[in-house]
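Q: Once you've had a glance at the structure underneath, I'll fire off some questions.
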Amino acid sequence: MAERAPGGVPALPAGLLYLLRRLGQLVPTVLTVSLIAFVLIRLSGDPAALLLTPEATEAERRAFHDAHGLDRSLPVQYLVFLRNLVRGDLGTSFWQHEPALRVVLSRFPATLLLSATAIAIVIVLGLAVGVLAAVFRGTALDLCVMVGVGLGQSIATFWLGLMLILVFAVFIPLFPPSGYGSPAQLVLPALTLAAYYVAVTTRLTRSGMLEILNQDFIRTARAKGLTERVTVLRHGLRNALIPITTVLGLQIGELLAGAVVTETVFAWPGVGTLVLDAITRRDYPVVQATIILIALVYAVVNLGVDLLYGVLDPRVRT
């Protein structure tokens, strides 16, 4: 029988309560992010100075402020922004004169494609190379992997992107240097975006696997006659995945937020280049819509990672 709360009302399952509690945490997260974005973008200056001609009169400037609600005090502007946010209205772009949310969503698929490809590269290469380095600890392979990890964490993203363009688009013309629409145009920006996170995941996987492979249950699995591949992958890697999953979950949010440099280098028409242009033009609604949307994706990904813990380790469910 289902447990009942005081008063005879059936109690909600623990898993559902946990999910509702985590969803409730999205509200203060979005409010905090919206407040920070609201304040910081307004510190950049008056958009009328950029969007109106230098010959604009003071009356035209006041009309611009009045049309966009910029003549009110900042607290009042923020309250109006929150009221509209609840209704799903994130304002109208000062520059493109379209709903800000529509402008951002039109660019979001390109960023999601780039980020998803980079994440796939991170998972495949990071886990595979990290496991190999742990299994062959102390060998030349392990040394090469650790040198590569050091370089991957040290090289600046923009420099790596320029070098990849120089080598694989100019000297050896295998891939186009920019553009969007074909798989070939995705290769260089995805590798550039993934490089740092591959290095981080490889290092974390290696250290986690080294710790797990020295545990008693691994020796027991080997004593039972299990093959080394089954022992390492089924028993070793699965137990090392929880901290790795945590880092991967954080990296997904960082990939979305950190794609600005990569998209700029490769002229990728995603959210990164959009928000950069919006900041330059002081397009308040587009900047706010972009930051809030990325914050929501980041929070949902973290929630998914927490739920995945229960799949990887049943002890977490309790």
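Each number in the numbering used here comes from the position in the sequence shown (counting from 1) with 806 added on. The C-beta atom is built at its ideal place from N, Cα and C for all residues, glycine as well.
Shortest alpha-carbon distance to Ser840 belongs to which of Leu823, Ala865, Arg889, Glu866?
A: From the listed residues Leu823, Ala865, Arg889, Glu866, the smallest Cα separation to Ser840 is found for Arg889.
Q: Ends of the alpha helix (DSSP H) at Thr863?
A: Per DSSP, Thr863 belongs to no alpha helix (DSSP H) and is neither H nor E.
Q: Pro853 by DSSP, collapsed to three states: which one?
A: Coil, per DSSP.
Q: Answer yes if the stretch 984–1000 comes into contact with the stretch 956–968, meaning at least three C-beta pairs across the two stretches below 8 Å, and no otherwise.
A: yes
Q: DSSP three-state call for Thr1079: helix, strand or coil?
A: DSSP places Thr1079 within a helical segment (H, G or I) once states are collapsed to three.
Q: How many angstroms separate the CA atom of Gly987 from the CA atom of Arg827?
A: 40 Å
Q: Bridge partners of Thr898, per DSSP?
A: Pro905
Q: Work out the CA separation of Arg1087 and Arg867 for me, nearest whole Å.
A: 16 Å
Q: Give the straight-line distance between the Cα atoms of Leu1113 and Leu1080, rounded to the nearest whole angstrom.
A: When rounded, the distance between both Cα atoms is 32 Å.
Q: Out of Val1092, Ala1001, Val1066, which one is the CA nearest neighbour of Leu918?
A: Val1066
Q: Helix, strand or coil, according to DSSP, for Asp877 in the structure here?
A: coil
Q: What first and last residue would you give for the alpha helix (DSSP H) that runs through Trp965?
A: 963–971
Q: For the stretch 1017–1068, which segments carrying the alpha helix (DSSP H) assignment without a break, of at least 4 residues, lie completely within its bounds, in sequence order?
A: 1022–1029, 1044–1063
Q: Which residue's Cα is closest to the Cα of Asn1045: Arg1028, Arg1025, Gly1014, Ile1058?
A: Gly1014
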